[in-house]
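K.L.:
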Amino acid sequence: MVTGAVSLQTGTRLRNPGIDVLRGLSILLVVLHHVALRIPLKQTALADFLPKRLLNALSYTGYEAVFVFFVISGFLITVHALQRWGSLANIDARAFYVRRAARILPCLLALVAILAVMHLAGVPNYVIDKPEQSLGGATLSALGLYLNWYEGRTGWLPGGWDVLWSLSIEEVFYLGFPLLCLLVRDLRLLVPLLAALALSLPLTRALLDGNEIWQEKAYLPGMAAIATGVLAALLAARAQPSRRIAQVVAIVGSVGLLAIWLAASCGVRSATARCWY
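With positions in the sequence shown counted from 1, the corresponding number in our numbering is that position plus 31.
1) Quick check on DSSP: helix, strand or coil for ARG46?
2) Measure from the alpha carbon of VAL194 to the alpha carbon of each residue in VAL52, LEU230, VAL62, then state which is nearest.
3) Give me, in chain order, the residues of the same chain whose beta-carbon lies closer than 8 Å to that of VAL215; leave out the 5 immediate sequence neighbours on both sides.
4) Quick one: Cα of ILE50 to Cα of ARG275, how far?
5) What's the C-alpha gap between THR41 and SER118?
6) Give me the residue from TYR205, LEU265, VAL283, ARG269 with the minimum Cα distance to GLY253.
7) Less than 7 Å between the CB of ALA152 and some heavy atom of the ligand NAD, yes or no?
8) Quick one: Cα of ARG130 to Cα of LEU60, how far?
9) Inspect the beta-carbon positions of PHE101 and GLU201 and report whether they are closer than 8 Å.
10) Please list the terminal residues of the continuous alpha helix (DSSP H) segment that includes ALA152.
11) Closer than 7 Å by C-beta to ALA229: which residues in its own chain qualify, once you throw out the five before and the five after it? Chain order, please.
12) Tell me the rounded alpha-carbon separation between SER231 and PRO272.
13) Do the region 185-192 and the region 150-163 meet, that is, are 3 or more Cβ pairs less than 8 Å apart?
14) If you compare alpha carbons, which of HIS64, LEU139, LYS161 is closest to THR170?
15) Buried or exposed, going by whether 16 or more other CB atoms sit within 10 Å of the CB of ASN121?
16) Quick one: using the 10 Å Cβ neighbour count with 16 as the cut-off for buried, is ALA290 buried or exposed?
17) Alpha carbon to alpha carbon, what distance is there between TYR94 and ALA76?
18) Tell me the DSSP secondary structure of LEU234 in three-state form.
19) So, with DSSP's three-state summary, where would you put THR34?
20) Can you tell me where the alpha helix (DSSP H) with GLU201 in it begins and where it stops?
21) With distances taken Cα to Cα, identify the nearest neighbour of GLY207 among GLY241, TYR91, ALA124.
22) Within 10 angstroms of its Cβ, does ALA152 collect 16 or more other Cβ (buried), or is it exposed?
23) Mind checking which residues open and close the alpha helix (DSSP H) that includes THR92?
24) Please identify the residue among LEU174, PHE127, HIS150, SER165 whose C-alpha is closest to the C-alpha of PRO137.
25) What three-state label does DSSP hand GLY183 in the structure shown?
26) Which complete alpha helix (DSSP H) runs does the region 48-92 hold, if anything under 4 residues is left out?
27) Can you give me the Cβ contacts of LEU218 inside the same chain, cut-off strictly under 6 Å, excluding the 5 residues immediately before and after it?
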């Protein structure tokens, strides 16, 4: 077991500090992104002592942070499945779906109901007013887990609805995940399938280049990130590195994440000291 990873002993769950740090940083970047859409950080007092490029990086990497959430989700779901059933081949699909529904549906139903009331009340920035969109269409797509597809076809919904695009991608993946595990019971077959999905991310991003909304809302890129988390959990269940090796991996991973963040926020060619000034 990787040092600091979640224990795979049945009924035992330990906090993983690395996961907590990643989740905390991702939450911060997503919150800053939504704040910056309305209050540009480079137009605040922060610009007096922080480079504007840094403020841009903090403001507009929320999408990449969501992908970190996708990876974390795939990792934790797989770890918990291994804890409960010992192997993915023994997964109880019905119990898996019940747990997902119990976790997601109450809050989802409450949010959709609140958003519908605010739309009907005419609250500014909550009214769905694009010609190809409607309250019924948004509601059905949110509950039917295809809101990302709905937005891809009709345009962005108001912010309160738009945040549900990632949930649609995540839950569609988990609708198929237990079935895939039961159909492909041999890890020697399952792992290559998941790896192919994970490695498809650069290709799908390239194919969607220039199409901003589909680049963000398409199913495959998000599912590729979740598959990466699943593979990481399977590796963590088998690997038993020493503490020193685990620390080296953590450092290399942190540097890699920082490099990706710089590339995403500044562009690969300008991810140097010049990027920050």
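No residue lacks a Cβ here, since even glycine has one placed at the ideal position from N, Cα and C.
P.N.:
Result, derived from the coordinates:
1) In the three-state reduction of the DSSP assignment, ARG46 falls in the coil class.
2) Per the Cα distances, VAL62.
3) Contacts found: LEU221, LEU224.
4) Computed Cα separation, rounded: 19 Å.
5) Note on THR41: pLDDT 45, under 50, position unreliable in the model; the coordinate value appears next. So the two alpha carbons sit approximately 11 Å from each other.
6) Cα-wise, what sits closest to GLY253 is TYR205.
7) By its list of ligands, the structure shown contains no ligand whatsoever, and the ligand NAD lies outside what it can speak to.
8) Using only the alpha carbons, I get a separation of about 28 Å.
9) Using a Cβ distance threshold of 8 Å, PHE101 and GLU201 count as a contacting pair.
10) Here ALA152 belongs to no alpha helix (DSSP H), and DSSP marks it neither H nor E.
11) If we look at ALA229 and ignore the five residues flanking it on each side, its Cβ neighbours are ALA255, ALA258, THR259, LEU262.
12) Straight-line spacing of the CA atoms in SER231 and PRO272 works out to 28 Å.
13) Yes, they touch.
14) Shortest Cα-Cα distance from THR170 to any of HIS64, LEU139, LYS161 involves LEU139.
15) By the neighbour-count rule (16 or more Cβ atoms within 10 Å), ASN121 is not buried but exposed.
16) Within a 10 Å sphere around the beta-carbon of ALA290 sit fewer than 16 other beta-carbons, which makes this residue exposed.
17) Those two C-alpha atoms are separated by around 25 Å.
18) Note: LEU234 maps to helix in three-state DSSP.
19) For THR34, the predicted model reports a pLDDT of 36, less than 50, meaning its position is unreliable; a value from the coordinates is still stated below. Coil.
20) Element bounds for GLU201: 196-214.
21) Distances from the alpha-carbon of GLY207 to those of GLY241, TYR91, ALA124 put ALA124 closest.
22) Under a 10 Å Cβ-count criterion, ALA152 is classified as exposed, with fewer than 16 other Cβ atoms of the shown protein chains found around its own Cβ.
23) Run containing THR92: none; DSSP gives neither H nor E here.
24) Ranked by how close their Cα comes to the Cα of PRO137, the residues LEU174, PHE127, HIS150, SER165 have LEU174 in first place.
25) Three-state result, GLY183: helix.
26) The region 48-92 contains these whole alpha helix (DSSP H) runs: 48-69, 83-90.
27) Cβ within range, chain order: n/a, list empty.
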